[in-house]
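Chemist: Using the working numbering, read the sequence shown as starting at 327 and increasing by one per residue.
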Amino acid sequence: MFSPQFIFAVLILLFLSSSISVARDVEVLVESRKGIGLIPASWRGIRHGTDTLPLEGLSWVRIDPSLVVTAWREKIGGGGPGWVALERTIDSVRSQGARVFLPLPTAAAPKSQETWCKRIEDT
327 MFSPQFIFAV LILLFLSSSI SVARDVEVLV ESRKGIGLIP ASWRGIRHGT DTLPLEGLSW
387 VRIDPSLVVT AWREKIGGGG PGWVALERTI DSVRSQGARV FLPLPTAAAP KSQETWCKRI
447 EDT
């Protein structure tokens, strides 16, 4: 049927093809409000949490989605320090010359389209 060399070549090709990375497009909604881009929280890239991030050469930084979730929960509860932490992080990144990707935590999203839009506007 098939020679051992052919089977070996096919196995090597299968192994190599599974290890090759392929770039995938990511849909991004960028809102030109205060230089903040809105992006799905599932996007993985450079992230910025509470630690200091060296920003040399970076033009966009993704903020940790937990800051957004905290801010949203505290907004629902009538305000709180979560908005302060989110604003401080955004200001820190922007003061170093980078723009911000603000991930939208879809797991914590409201079910109502109207509430969802209002929450994004507030953020």
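For each residue, glycine too, the CB sits at the ideal point set by N, CA and C.
What is the rounded straight-line gap between the Cα of Trp-386 and the Cα of Gln-331?
Modeler: To locate residue 386, count along the sequence shown from 1; it is residue 60. To locate residue 331, count along the sequence shown from 1; it is residue 5. If I take the Cα positions, the gap works out to 49 Å.
Chemist: Cα separation between Ala-424 and Val-394?
Modeler: Here the question's residue 424 lines up with position 98 in the sequence shown. Here the question's residue 394 lines up with position 68 in the sequence shown. Ala-424 and Val-394: Cα-Cα distance of roughly 19 Å.
Chemist: Under three-state DSSP, which class holds Phe-427?
Modeler: In the sequence shown, counting from the first residue as 1, residue 427 sits at position 101. In this structure, Phe-427 counts as strand in the three-state DSSP scheme.
Chemist: Quick one: what's Val-387 bridged to in DSSP?
Modeler: Within the sequence shown, the letter at position 61 stands for residue 387. Looking at the DSSP assignment, Val-387 forms a beta bridge with Val-426.
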